[in-house]
Structures are given as structure tokens and as C-alpha cells.
Amino acid sequence: MPELPEVEVVRAGLASSVAGRTIGAVHVLHPRPVRYHLSGPDAFASDLVGRRVGVARRRGKYLWLVLAGPAGDRSALLLHLGMSGQLLVQPADAPDERHLHARFDFADDGPQLRFVDQRIFGGLWVSPQGAETPAELAHIAPDLFDPTLDNDQLVARIRARHSGIKRVLLDQGIVSGIGNIYADEALFQAGIHPQRPGDALTLADCSRLHSAIRQTLATAIREGGSTLGRSGIANYRRPNGVTGHYQQRHQVYGRTGKPCLVCGGPIHRVQVAQRSTHFCPHCQPDSRVIPSD
DNA sequence: CATTTATCCTGTAAGC
DNA sequence: TGCTTACAGGATAAAT
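Each residue of the first sequence is one higher than the last, beginning at 0 in numbering that gives the first Met the number 0.
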């Protein structure tokens, strides 16, 4: 479930656990997660050994570790968790996790950084000039916490789309960081039907949606993100192994058929962009424009 | 051109 | 108990 809140919590966890440490060895146990590092797994490892980890940054669902090193080198270790990726900081003597695909040992022989990913949709690669903003992220829009976000432009782009608003929110080229869970939660909070066309949103709708997204994401970050299910394998955890708690605050996601916490009516589920979409038909009417206040 | 779908993977849970 | 099918946090190339 790594969406913006989970990635931000992971970023903060890495900032406090691996920043300032020097990479001693890199073990790639499965080639797929480093598929975007075009020179191959061995080159991926050798590009990182001896580098000191600096600041941990994030944009949308991507995060990167700036690498201090030879003067003038501005490279970064770029990471994406995909659907089921986890970054765990573990003692060197901890047994290998199931689906452990890459391990970073540090020169101080302290806890290791491990990349674990059941579905292997995630990826790790070195971005040569990626210290500020990796070139690989050129097509990814700023997220709602990015100071460079142009809100007027965002509203214009939303209202230029005829697709349903949920599909628009999931498009990382429009605004980044929002995934399936937080799209549903934010649209519920804003009182907007997920299939309302973007070009049918009023300015007041956009303003309410903007506030709802920011509040939803900010609260989720404070709660450590959302950890779903009980199976453990593919579940999101912070690098220190602690689970998130925001799933307890979900209003619509995963609540199909249960009573809406506002009006009591049943939560519906439909498919939007091949993703399960949860909403309250009463609180999120299809066509009617809801007054701002 | 904008928009939608099919696909990459493994695992779990539900239905028969 | 076993087998089959649907579904799961995302991103993107290919098709429409």
C-alpha cells in the first residue's frame, strides 16, 4: 500500500537510520528489482559501494537517497516500492526475509538496509544526476506537499480532463502520490463521486478536494500510513518494522456494504480504472454539485 | 491527440 | 480436501 503517506513515513525512517552511513557492500539477490539500472546488477552494486548516504528525499511515491561521494558527483539511489515493496532496517544477524531481493551492508557493520518485495513491481536504481530531482521523475507531477506545486495549474489540468475524477487523481502526471486508498478516502471527504468527470468539477469542488486530499494525506502520515490485512508478507511496515494505524480511520476503503459513518447508508463498490472503488452514493452524489459550505 | 486496457509478479481468500 | 477464480497498495507500453 505504498502511497504518498507510506512512502513519506519510510523516507523519514531511512533519514533517521541510514543517513550519514557509508555503504560497505551491496548484495542483489534477484535481478528484477534493479531492472531499471540498465548497466546491470553488478554495476548497480559497484556504483554504490563506498558511497555515504546523505539526505532522503521524496516526490509522490518515489524516494531517493542522495549519495555523498567524489566531489561533483550528484548521483542518488532512487527507489520505488511498487505494490508490495518494503525497505527494512535489520540487524546483520537477522534471517533473510522471504522475498528479500537486495541487501545493503554498511561500513560500520550496523543494521542493514533490506529491500523485500513479494510482487517485484518495485525498483531500485542509481540516478546519475539525481541529487536534486532525478531525471527519471521528469514526467511525475509535484505532490500536494511540494512547494513548487502550482495550484491554479493543477485545477486547470483536472478540469481539462473528461475522465472520472478518481482516474484523474490516480494519474501521477497530474498530481503525484495519490493511490487507490487515498483517492477513495479523499473523494469521500470532499463529497465528490469518483466517476464525476474532471471537467464537471466546479472551482469550489476543486478547492474542497484539494483540502480533503491534503488533510487525508497529512493525517495518514501522522498515523504512520495504512497497513492492511493480516498475512504479513506483503504488508506495509516502517523500516523499523512497526505497522501503520491509518487503516482504522478509513471511511470507505474496504468497507463495501458497511454503513456510511456519516449517513448510515451502505458503502458501494465499483470498478474504476480496473481498481476497486469505494464510495457512499448518498454523500457523494453522481451529478449534483454540492454547495461549498 | 486523449483515454483505456493489458501486463508485469506472487500470494491469499473465496467459491465450487 | 483439492481445484479454479478473483483480487491485492502501482506504473506503463500498447491498443483504441
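Glycine is no exception: its CB is placed at the ideal position from the N, C-alpha and C atoms.
Residues of its chain near residue i, where Cβ-Cβ distance is below 7 Å and the 5 sequence neighbours each way are ignored
| i | result |
| --- | --- |
| A55 | R10, L13, A14, A18, L62, L64 |
| E7 | R57, I220 |
| A199 | none |
| D46 | V125 |
| H138 | G172 |
Whole-angstrom distance between residue j and residue i, CA atom to CA atom
| i | j | result |
| --- | --- | --- |
| D142 | S16 | 25 Å |
| V115 | L77 | 15 Å |
| L216 | Y181 | 7 Å |
| L66 | G129 | 9 Å |
| H36 | V125 | 7 Å |
| Q273 | G172 | 18 Å |
| R34 | A140 | 23 Å |
| Q53 | S74 | It is worth fixing the name first, because residue 53 is Gly in this sequence and not Gln. Going from the Cα of G53 to the Cα of S74 covers about 11 Å. |
| R287 | Q152 | With a pLDDT of only 46 at R287, under 50, the local geometry of the prediction cannot be trusted, and the value read off the model is given with reservation. So the alpha carbons of these two residues sit roughly 25 Å apart. |
| H277 | Q194 | 11 Å |
| P280 | R31 | 42 Å |
| D92 | V269 | 46 Å |
| V174 | I212 | 11 Å |
| Q246 | P265 | 19 Å |
| D170 | E131 | 23 Å |
| H192 | A134 | 35 Å |
| I119 | G81 | 7 Å |
| A203 | Q117 | 42 Å |
| C282 | L260 | 10 Å |
| R160 | C205 | 13 Å |
| I157 | P94 | 47 Å |
| V271 | S162 | 10 Å |
Contact set for residue i: own chain, Cβ-Cβ below 6 Å, skip 5 residues either direction
| i | result |
| --- | --- |
| H79 | Y61, G121, G122 |
| G178 | E2 |
| R50 | I22, L66, G68 |
| E5 | G224, Y235 |
| P258 | none |
| P127 | S74 |
| H244 | E222, G223 |
| L168 | I177, A182 |
Which listed residue (the options) has its alpha carbon closest to that of residue i
| i | options | result |
| --- | --- | --- |
| G253 | G228, G263, L99 | G228 |
| G240 | H36, L216, E96, Q247 | E96 |
| H209 | N150, R160, G243 | N150 |
| P297 | G81, R102, H98, M82 | In this structure the chain extends from 0 to 292, so residue 297 is not present and cannot be described. |
| Q111 | Q250, R20, Q214 | R20 |
| T147 | Q246, G59, R248 | G59 |
| D285 | R207, R213, H244, I164 | I164 |
| A214 | L47, A233, L186, H244 | With the sequence shown as reference, residue 214 is identified as Gln, and Ala is not the correct amino acid for it. Measuring from the Cα of Q214, the nearest candidate turns out to be L186. |
| A155 | T201, A137, P258, A233 | T201 |
| V86 | G264, A233, P265 | It should be pointed out that residue 86 corresponds to Leu in this sequence rather than to Val. The shortest Cα separation from L86 among G264, A233, P265 belongs to A233. |
| V218 | V48, R248, L260 | Before going on, a small fix: residue 218 reads as Thr here, not Val. Of the listed residues, the one whose Cα sits closest to T218 is R248. |
| V88 | S162, P238, F144 | P238 |
| F144 | G176, S162, L136, A137 | G176 |
Per-residue burial, residue i [other beta carbons within 10 Å of its own, 16 or more giving buried]
| i | result |
| --- | --- |
| D184 | Reading off the sequence, residue 184 comes out as Glu, not Asp. Answer is buried; the Cβ neighbour count reaches 16. |
| C262 | exposed |
| T226 | buried |
| R166 | buried |
| A189 | buried |
| G197 | buried |
| A44 | buried |
| S83 | buried |
| S291 | Annotation note: pLDDT 40 at S291 (below 50); position unreliable, coordinate value reported separately. By the neighbour-count rule (16 or more Cβ atoms within 10 Å), S291 is not buried but exposed. |
Residues of its chain near residue i, where Cβ-Cβ distance is below 8 Å and the 5 sequence neighbours each way are ignored
| i | result |
| --- | --- |
| L99 | L28, R113, F114, V115 |
| T242 | G223, T226, N234, Y235, R236 |
| V48 | I22, G23, A24, V25 |
ask   = Do three or more CB pairs link the stretch 89–107 to the stretch 24–42 at distances below 8 Å?
value = yes
query = Contact between the stretch 40–51 and the stretch 242–257: three or more CB pairs below 8 Å?
reply = no
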